[in-house]
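Remarks on the structure that follows.
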Amino acid sequence: MTAPLAILVLSMRGLETARRIKASIADSTILGLESRIEGADENFSDFGGTIREHYRSGHAIAALCSAGITIRSLAPILGNKGAEPPVLAIADDGSTVVPLLGGTTGVNVLARQIAQILGVTPAITTSGELRFGTCLLNPPPEFILKNPEDAKTFIADLLAGKTVRIEGDAPWLREAQLPLDDDGELVIRVTSAETTPQKGELIFQPSPATPDPVGQRRGRLAVIGLGPGDPDYMVPAVKRALQSAEDVLGYETYIHMAGPFRSDQTVHMTDNREEMQRARHAFELAATGRSVVMVSSGDPGVFAMAAAVIEALHESDNPAWHGVELEILPGVSAAMAAASRSGAPLGHDFCILSLSDNLKSWEVIEKRIALAAEADLAMAFYNPISKPRPWQLPRAIEILRQHRAPETPIVLGRDIGRPGETLRTITLAELDPEQVDMRTVVIIGSSHTRRFGRAGGGDWVYTPRWYGTKPAS
Ligand code: SAH
């Protein structure tokens, strides 16, 4: 066991069991529910918040309560299987040990260890996958798996009987009892070269070395877009950048969306509104040879950090900053995500406007809305309304109504790709600022945008690709 173990206790009976576990496991801490437990190492009042905090910090977790409570508390933040710490539910009387999460980070090993302390048999459910999964997904720290997104299929293929050949030296696999064959269909490649994984191939690369102050390695800075929230909408290059990051910077909400992170990764959460300052901080870190990731939601180039980062570089004459390997990795922007859910309202020419007048004057915004409306562009409004900006959206709606018919379709996408997502289709006549908040993207149809009922309820909305007269088909 390498990660510290957090033992969460909700009852006095659980406390006794926790003490037995703690006595045999180094680096473990007993956390007790404040209102019920006396004598724990630390106390907490909010179970959900506490268990999620330890999960995000990469700590192993033993929850002395039902599997249901544990799963429900962690469900909102599950997603990045690569960085999942071990999580176990243990009956408070010590009669059952159930490994829940962390198959690739040793949960079953920990379950066996705790079960032995308690004198019971652990409820292990993944014995087959464990055999190959642990050794493949858990290389020693000198190596990283370059394409973790392919690992699930790879392991499934192995379990289904395919054989594998190893190219390069993978010392940690020597004892692994893999079905090796020089002509194996599957390939494990160990290389320091930049290669693109082929089908049926897992690539391991040496981990970036600790910077050496004399011959320092080149630092990296990736400005990444997470997409709207759902990890399925995150591009594989972004997932890889997150895996190999040493430092991760961004707003707290996005950091949580991007995590959990391993204990060897440093997270720099910030509420700092000063984008340029954050951009410079990222360069300062990367210029020391570190691998830095700057996190944005959606696409990093759409009202997010990419422009600030490049501007900071433009303004700098520090050669170390210009020597940083900088890349911008795109993401699915909120307008694209909401549009796809509703059909294709942005199917013809459109523009994206931010209604925030923090960085530009309201006059400019009004003018752009009026001109875009006159040009009959479909539009997507980002940052549509907030407490300090209550009157801007009503004014924008007024301008739209001067140019667009009352029945113009409007799509309101809120928290798209996140828990509690909602999507509504209404008309311009019905549009009321009360229906909109900062987590909403507002799509306004052009004069050609139409809607019709879907078989399963709701509407399809689309803007045809032709304009003026429909071409003969
Ligand atoms: N870079 C982000 C946009 C940042 S501006 C992107 O490309 O998506 C923030 C605004 O984006 C929010 O006020 C909201 O209008 C919109 N937005 C971001 N994520 C969203 C989501 N998941 N659902 C709906 N709107 C979202």
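This note's numbering applies: residue 4 is where the sequence shown begins, and numbers increase by one. We treat Cβ as the ideally placed atom computed from N, Cα and C, and that holds for glycine.
In terms of DSSP beta bridges, what is residue i paired with?
i	result
histidine 57	Histidine 57 pairs with nothing; no bridge assigned.
glycine 109	Note: glycine 109 sits in no beta bridge, so no partner.
cysteine 354	Met382
glutamate 561	Any property of residue 561 remains undetermined from this structure, which presents the chain solely from 4 to 476.
threonine 425	Arg417
phenylalanine 146	Pro209
alanine 225	Val296 and Glu330
valine 444	Gly416
Decide if residue i is buried, meaning its Cβ has at least 16 other Cβ atoms within 10 Å, or exposed.
i	result
phenylalanine 455	exposed
phenylalanine 47	buried
aspartate 215	Because the pLDDT of aspartate 215 is 47, which lies under 50, any placement of that residue in the model is unreliable, and the question is left without a value.
glycine 390	According to the sequence provided, residue 390 is lysine. The question's glycine does not apply to it. That one is exposed.
tyrosine 470	exposed
lysine 155	exposed
valine 217	Its pLDDT being 47, under 50, valine 217 is placed unreliably by the model, and the measurement read from it follows with that caveat. With fewer than 16 Cβ atoms within 10 Å of its Cβ, valine 217 is classed as exposed.
arginine 468	exposed
threonine 129	exposed
asparagine 361	exposed
leucine 415	buried
methionine 382	buried
threonine 472	exposed
methionine 260	buried
proline 474	exposed
For residue i, which of the options has the nearest alpha-carbon?
i	options	result
proline 422	Val12, Gly17 and Leu81	Leu81
glutamate 188	Pro211, Gly52, Tyr58 and Asp160	Asp160
histidine 317	Phe286, Met339, Gln395 and Gly301	Phe286
arginine 291	Arg221, Met260, Leu162 and Gly253	Note on residue identity: the sequence assigns threonine, not arginine, to residue 291. The option with the nearest alpha carbon to threonine 291 is Arg221.
alanine 179	Pro142, Asp267 and Arg293	Pro142
glutamate 45	Ala378, Ser266, Ser210 and Leu18	Leu18
alanine 78	Arg59, Gln280 and Lys242	Arg59
aspartate 250	Gly262, Ala240, Ser336 and Thr256	Gly262
histidine 451	Arg442, Ile54, Asp379 and Trp394	Asp379
leucine 396	Trp365, Met308 and Ser27	Trp365
serine 38	Ser14, Gly61, Ser76 and Ala26	Ser14
serine 247	Val444, Asp267 and Asp440	Asp267
alanine 118	Pro102, Leu162 and Ala43	Pro102
glutamate 197	Asn150, Lys165 and Asp435	Asn150
arginine 417	Gly232, His259, Glu41 and Gln280	Gly232
aspartate 95	Ser69, Glu87 and Thr108	Ser69
threonine 425	Val439, Ile400 and Ile120	Val439
glutamate 152	Ile72, Gly164, Arg404 and Pro234	Pro234
methionine 308	Asp320, Arg281, Ser76 and Lys165	Arg281
Would you mind stating whether residue i and residue j have Cβ atoms separated by less than 8 angstroms?
i	j	result
arginine 192	glycine 97	no
isoleucine 419	alanine 341	yes
leucine 487	isoleucine 169	Any property of residue 487 remains undetermined from this structure, which presents the chain solely from 4 to 476.
isoleucine 402	isoleucine 447	no
leucine 104	valine 123	no
isoleucine 93	alanine 66	yes
alanine 2	histidine 406	Beyond the ends of the chain as shown, which are 4 and 476, falls residue 2; an answer cannot be given.
valine 270	glycine 334	no
valine 445	isoleucine 413	yes
leucine 332	alanine 244	yes
glycine 61	phenylalanine 264	yes
glycine 301	glycine 228	yes
serine 31	isoleucine 64	no
glutamine 208	phenylalanine 135	no
phenylalanine 157	leucine 205	yes
Say yes only if the C-beta of residue i is nearer than 7 angstroms to one or more non-hydrogen atoms of the ligand HEM, and no if none qualify.
i	result
asparagine 361	Because the ligand HEM does not appear in the structure shown, any question about it cannot be addressed here, the ligands present being the ligand SAH.
### Query
Is the segment 315-330 touching the segment 351-371 in the sense that three or more CB pairs, one from each, lie closer than 8 angstroms?
The answer is no - the segment 315-330 does not touch the segment 351-371, with fewer than three Cβ pairs under 8 angstroms.
#### Entry: Contact the segment 342-352 vs the segment 452-466: 3+ CB pairs below 8 angstroms
Touching, yes, given that three or more Cβ pairs across the two stretches are closer than 8 angstroms.
### Task
Could you tell me whether the segment 222-241 touches the segment 296-310, using the rule of 3 or more Cβ pairs below 8 angstroms?
Touching, yes, given that three or more Cβ pairs across the two stretches are closer than 8 angstroms.
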